[in-house]
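Novice:
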Amino acid sequence: MRTHYCGQVDESYLGKQVTVCGWVHRRRDHGGVIFIDLRDHKGLIQIVCNPESHELFQLAEGCRNEFVLQVIGMVNERPEGTINDDLATGKIEIFAEKLNVLSKSLPTPVDQDDQSYVSEDVRLKYRFLDLRRSKMQSNIRSRHQITRFIRSYLEENEFTDIETPMLSKTTPEGARDYLVPSRTQPGNFFALPQSPQLMKQLLMVGGFDRYYQIVKCFRDEDLRADRQPEFTQVDIEMAFMDRDQIMSMMENMIRDLFDSVLQVKLPKLFPVITYREAIEKYGTDAPDLRIPMTLIDLGNSLKDTEFKVFGDAAKDKGSRIVALNIKNGLSLTRKEIDDYTHFVSKYGAKGLAYIKVNEAKNIKEGLQSPIIKFLTEDELKSILELTDAKDGDLIFFGAGKAKIVNDSMSNLRLKIAKDLNLYSQAWAPLWVVDFPMFERNIDGQLTSSHHPFTRPDVESIEQLIENPQAANSHAYDMVLNGVEVGGGSLRIFDKEVQTAVLGLLGIGIEEANEKFGFLLTAMDYGFPPHGGIAFGLDRLVMLMLGLDSIRDTMAFPKTQTASDILTGAPSPASAKQLEELHISVRKMIGE
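The structure is reproduced here in structure tokens:
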């Protein structure tokens, strides 16, 4: 039907006949000669329709944007003064000899120009039109490049692509499962996998040393710009490898990926920091190292202060007081400071204290702040020294419960860096390691920081049971520009250890066998040491392409309410379907 793509016809085809197909991008009538910009996924080419060919010209007159055409014609040079250097095909045009209208189009709610005026709901409802846009074409094809490289890298390193079940058993992964009712076993349900975690561990005991899968996963959770109810993981597991070997191999993959797809050289060695160091310096376990600012802990220097706000935080083990020095921050206006105060209140902060450093050596008159009168000269001097404050700097303070301080000040750090463009580099990957094995929820119950199958970093089971919150895990996260792109761990391969960990989580032997009996049984039959990692493919693509939302990396994403506007899903099931599944639907109060 075509001999060439629109965007690939160039001067080497001058004087030759070609056949191209595509969509009408734009139609222009210039004094009797009609020009059509024809578009396919390779680019645009200009078609010239001369009135001397009456039938062809009539067809061209009736063409509108997004009509699908087949054009047969001769490749000619563009006349002098009409060359378009912005187009790969800008020096030539096709003189149409035959034009076929293959398909007509109504006026489209989504066109090929700037979409800033079109709501995302409209784009998603007419996603088939949105996907025609050059930006979306580029996004989806770049995603293909990324996945193709990852597959190639893993297979070159002797990984085997193995599919795991979509219909599986519900497991505790930290979010709600999507449940699928069983028609043949009334009252029982499958769960769509939140990850293939247990299946890939069983593949290790099955003798497949290196497994990978680019796999759909499902989580019924509240959505954000970087989350979807169904998402794609690059899921990886390997046996007989320690933490450093796994991290090195995955680091090489990401480094080579950036070099191949973006021609970006990432560091030869990614920095490695501990979880506790990340929280202390950045207030988050996914720090953005492009920003040359850290949180400075002032607890020791201000533990005896009479300023109650700071003193109470310094003395309380569950609280902290930190400072954030904004170099040359005196350029910030009072309104901007008030805006930042409002910003941190969203994270529970009751205020945002600050000190303007007009003259660092003049403690009495060179500092400006409502809180100076509550601090001694020695305390102020200590603050300036710890924060390395210089003339022209602005110091923000966070004081209170540790979680609120960490959340508010880490996000303030990100916002100020974005507002003032304080980035020191384009890309900053790192590893965060030594995560706590457990955390306590609001009810005081222990929960897994990673998941219940992560190997604890302890010398004995007795040590783990006696003081579980002191235990670290063999978990590791890869963070890129402040976003976790991959998380993994060494796994438990000893039945006694696994049973102990589940017990600490409140899962007794009987419940453990009911939920994970197949895994525990496998541990009786030569389970090798193993570990793995999973990369969020959608999130990785989003970062690499500089996008604001993972929805722009997917062909058919859901909305933030987990709806599919295009197809109308989710939708009610028919009475017959519900009857076959032995399910009845209760109406909500008020319906």
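Take 1 as the starting number for the sequence shown in this note's numbering and just add one per residue.
Cβ coordinates follow ideal geometry from the N, Cα and C atoms, glycine included.
#1: Helix, strand or coil, according to DSSP, for Gly-486 in the structure here?
#2: What's the gap between the Cα of Phe-218 and the Cα of Ser-195?
#3: To the nearest angstrom, how far is the alpha carbon of Lys-317 from that of Thr-553?
#4: Excluding the 5 residues preceding and the 5 following Leu-540 in the sequence, name in chain order all residues of the same chain whose CB lies nearer than 6 Å to its CB.
#5: Exposed or buried, which one is Gly-531 when buried takes at least 16 other CB atoms within 10 Å?
#6: Would you kindly report the start and end of the unbroken alpha helix (DSSP H) that includes Tyr-275?
#7: Under 8 Å, with one C-beta from each stretch per pair, do the stretch 52 to 65 and the stretch 88 to 104 reach the 3-pair mark?
#8: At a cut of 8 Å, does the stretch 474 to 488 reach the stretch 451 to 464 through at least three beta carbon pairs?
#9: Could you name the residues of the same chain whose beta carbon sits closer than 6 Å to that of His-41, not counting the 5 residues immediately before and after it, in chain order?
#10: For Ile-337, which residues from the same chain have a beta carbon less than 7 Å from its beta carbon, with the 5 sequence-adjacent residues on both sides left out?
#11: Quick check on Ala-575: does DSSP put it in helix, strand or coil?
#12: Can you list, in chain order, the stretches of the alpha helix (DSSP H) that have 4 or more residues and sit fully within the stretch 109 to 188?
#13: Let me check understanding here. Comparing Cα to Cα, which of Cys-21, Gly-15 and Leu-257 lies closest to Leu-69?
#14: Who are Gly-400's beta bridge partners in DSSP?
#15: Flag this pair as yes or no: are the beta carbons of Val-71 and Leu-14 separated by less than 8 Å?
#16: Among all the DSSP beta bridges, which residues are the ones paired with Trp-23?
#17: Can you find the residues in the same chain that come closer than 7 Å, C-beta to C-beta, to Ala-389, ignoring five residues on each side of it along the sequence?
#18: Under 8 Å, do Leu-124 and Thr-559 count as touching if we go by C-beta distance?
#19: What residue range is occupied by the uninterrupted alpha helix (DSSP H) comprising Ser-592?
#20: Could you tell me the distance, in whole angstroms, from the CA atom of Lys-327 to the CA atom of Lys-415?
#21: Over what stretch of residues does the beta strand (DSSP E) that includes Arg-210 continue unbroken?
#22: Is there contact between the stretch 174 to 182 and the stretch 278 to 295, where contact requires at least three CB pairs shorter than 8 Å?
#23: For the beta strand (DSSP E) containing Gly-536, list its first residue and its last residue.
#24: Rounded to whole angstroms, what is the Cα-Cα separation between Leu-257 and Pro-572?
#25: Would you decide whether Phe-159 is buried or exposed? Buried here means 16 or more other CB atoms lie within 10 Å of its CB.
#26: DSSP on Ile-583, reduced to helix/strand/coil?
#27: Could you work out which residue in Phe-208, Asp-161, Asp-407 and His-25 is closest to Arg-64 when comparing CA atoms only?
#28: On the CB-based measure, 16 or more other CB atoms within 10 Å of its CB, does Leu-519 come out buried or exposed?
#29: Going by DSSP in three states, Cys-6 sits in which element: helix, strand or coil?
#30: Taking Cβ positions, are Val-215 and Asp-242 nearer each other than 8 Å?
#31: By how many angstroms is the C-alpha of Pro-109 removed from the C-alpha of Phe-527?
#32: If distances are taken between C-alpha atoms only, which option among Glu-466, Asn-481 and Met-437 comes closest to Leu-490?
#33: Pairing CB atoms from the stretch 29 to 46 with CB atoms from the stretch 2 to 9, are three or more of them under 8 Å?
#34: Quick test of your reading: Gly-299 and Ala-314, contact by CB under 8 Å. State the CB separation rounded to the nearest angstrom.
#35: Since I believe Asp-121 is in contact with Ile-565 (beta carbons under 8 Å), could you give me their beta-carbon distance rounded to a whole number of angstroms?
#36: Less than 8 Å between C-beta atoms, sequence neighbours within five positions excluded: which residues of the same chain meet that for Pro-557?
Specialist: The relevant details are as follows:
#1: As a first step, residue 486 must be located in the sequence shown, where it is residue number 486. Under the three-state reduction of DSSP output, Gly-486 falls in the strand class.
#2: As a working mapping, residue 218 is identified with position 218 in the sequence shown. As a working mapping, residue 195 is identified with position 195 in the sequence shown. Near 8 Å, if we compare the C-alpha coordinates of Ser-195 and Phe-218.
#3: Here residue 317 corresponds to residue number 317 of the sequence shown, with the count starting at 1. Here residue 553 corresponds to residue number 553 of the sequence shown, with the count starting at 1. C-alpha separation (whole angstroms): 43 Å.
#4: On the sequence shown, position 540 is the one that residue 540 refers to. Short of 6 Å from the beta carbon of Leu-540, and not among the five residues preceding or following it, lie these beta carbons of its own chain, in chain order: Val-485.
#5: Against the sequence shown, residue 531 aligns to sequence position 531. So Gly-531 ends up on the buried side.
#6: As a working note, residue 275 is residue 275 in the sequence shown. Per DSSP, Tyr-275 is one residue of the alpha helix (DSSP H) stretching across 275 to 282.
#7: With contact defined as three or more Cβ pairs closer than 8 Å, the stretch 52 to 65 and the stretch 88 to 104 are in contact.
#8: The stretch 474 to 488 is in contact with the stretch 451 to 464.
#9: Numbered from its first residue, the sequence shown carries residue 41 at position 41. So the qualifying residues of the chain are Gln-137.
#10: By one-based count along the sequence shown, residue 337 stands at place 337. Residues of the same chain with a CB within less than 7 Å of the CB of Ile-337, apart from the 5 flanking positions on each side, are Tyr-354 in chain order.
#11: The residue given as residue 575 occupies position 575 in the sequence shown. Looking at Ala-575 - three-state DSSP - the assignment turns out to be helix.
#12: Scanning the stretch 109 to 188 from its first residue to its last, the whole alpha helix (DSSP H) runs of 4-plus residues come out as 120 to 125, 127 to 130 and 134 to 156.
#13: As a first step, residue 69 is located in the sequence shown; it is residue number 69 there, counting from the start. The candidate whose alpha carbon is nearest that of Leu-69 is Cys-21.
#14: Locating residue 400 in the sequence shown gives position 400, where the first residue counts as 1. Partner residues in the beta bridge of Gly-400, as assigned by DSSP, are Arg-320.
#15: To locate residue 71, count along the sequence shown from 1; it is residue 71. To locate residue 14, count along the sequence shown from 1; it is residue 14. Against a cut-off of 8 Å, the Cβ pair of Leu-14 and Val-71 comes out as no contact.
#16: Here residue 23 corresponds to residue number 23 of the sequence shown, with the count starting at 1. Trp-23 is bridged by DSSP to Arg-39 and Val-68.
#17: In the sequence shown, counting from the first residue as 1, residue 389 sits at position 389. In the same chain as Ala-389, and ignoring 5 residues on each side of it, the C-beta atoms closer than 7 Å to its own belong to Asn-325, Val-357, Ala-360 and Ile-395, in chain order.
#18: One-based indexing of the sequence shown puts residue 124 at position 124. One-based indexing of the sequence shown puts residue 559 at position 559. In this structure, Leu-124 sits near Thr-559, with a CB-CB distance shorter than 8 Å.
#19: In this structure the chain extends from 1 to 591, so residue 592 is not present and cannot be described.
#20: For the purposes of this step, residue 327 is identified with residue 327 of the sequence shown, where counting begins at 1. For the purposes of this step, residue 415 is identified with residue 415 of the sequence shown, where counting begins at 1. When rounded, the separation of the alpha-carbon atoms in Lys-327 and Lys-415 is 15 Å.
#21: The residue labelled residue 210 in the question sits at position 210 within the sequence shown. 210 to 218 is the span of the beta strand (DSSP E), which, as asked, contains Arg-210.
#22: Three or more beta-carbon pairs separated by less than 8 Å are not found between the stretch 174 to 182 and the stretch 278 to 295, which leaves the two stretches without contact.
#23: For the purposes of this step, residue 536 is identified with residue 536 of the sequence shown, where counting begins at 1. Start and end: 530 to 536.
#24: Within the sequence shown, the letter at position 257 stands for residue 257. Within the sequence shown, the letter at position 572 stands for residue 572. Answer to the nearest angstrom: the Cα atoms are 43 Å apart.
#25: Residue 159 sits at position 159 when you count from the first residue of the sequence shown. By the neighbour-count criterion, in which a residue is buried when 16 or more other Cβ atoms sit within 10 angstroms of its Cβ, Phe-159 is buried.
#26: Walking along the sequence shown from the start, residue 583 turns up at place 583. Coil.
#27: Residue 64 sits at position 64 when you count from the first residue of the sequence shown. Closest by C-alpha distance to Arg-64, out of Phe-208, Asp-161, Asp-407 and His-25, is His-25.
#28: As a position in the sequence shown, residue 519 is number 519, starting the count at 1. Classification of Leu-519: buried, given that the 10 Å Cβ count is 16 or more.
#29: For this step, residue 6 is matched to residue 6 along the sequence shown. Three-state DSSP puts Cys-6 in a helix.
#30: On the sequence shown, position 215 is the one that residue 215 refers to. On the sequence shown, position 242 is the one that residue 242 refers to. Inclusion of Val-215 and Asp-242 in the CB contact set at 8 Å is not warranted, their separation being larger than that value.
#31: Stepping through the sequence shown from its first residue, residue 527 is reached at position 527. Stepping through the sequence shown from its first residue, residue 109 is reached at position 109. About 57 Å.
#32: One-based indexing of the sequence shown puts residue 490 at position 490. For the set Glu-466, Asn-481 and Met-437, the Cα lying nearest the Cα of Leu-490 is the one of Met-437.
#33: The answer is yes - the stretch 2 to 9 touches the stretch 29 to 46, with three or more Cβ pairs under 8 Å.
#34: Residue 299 sits at position 299 when you count from the first residue of the sequence shown. Residue 314 sits at position 314 when you count from the first residue of the sequence shown. Contact between Gly-299 and Ala-314 holds: their C-beta atoms lie close to 5 Å from each other, under 8 Å.
#35: Stepping through the sequence shown from its first residue, residue 565 is reached at position 565. Stepping through the sequence shown from its first residue, residue 121 is reached at position 121. About 6 Å separates the Cβ atoms of Ile-565 and Asp-121, confirming a contact at the 8 Å cut-off.
#36: Numbered from its first residue, the sequence shown carries residue 557 at position 557. Excluding sequence neighbours, Pro-557 sits near Leu-124, Gln-228, Ile-550 and Arg-551.
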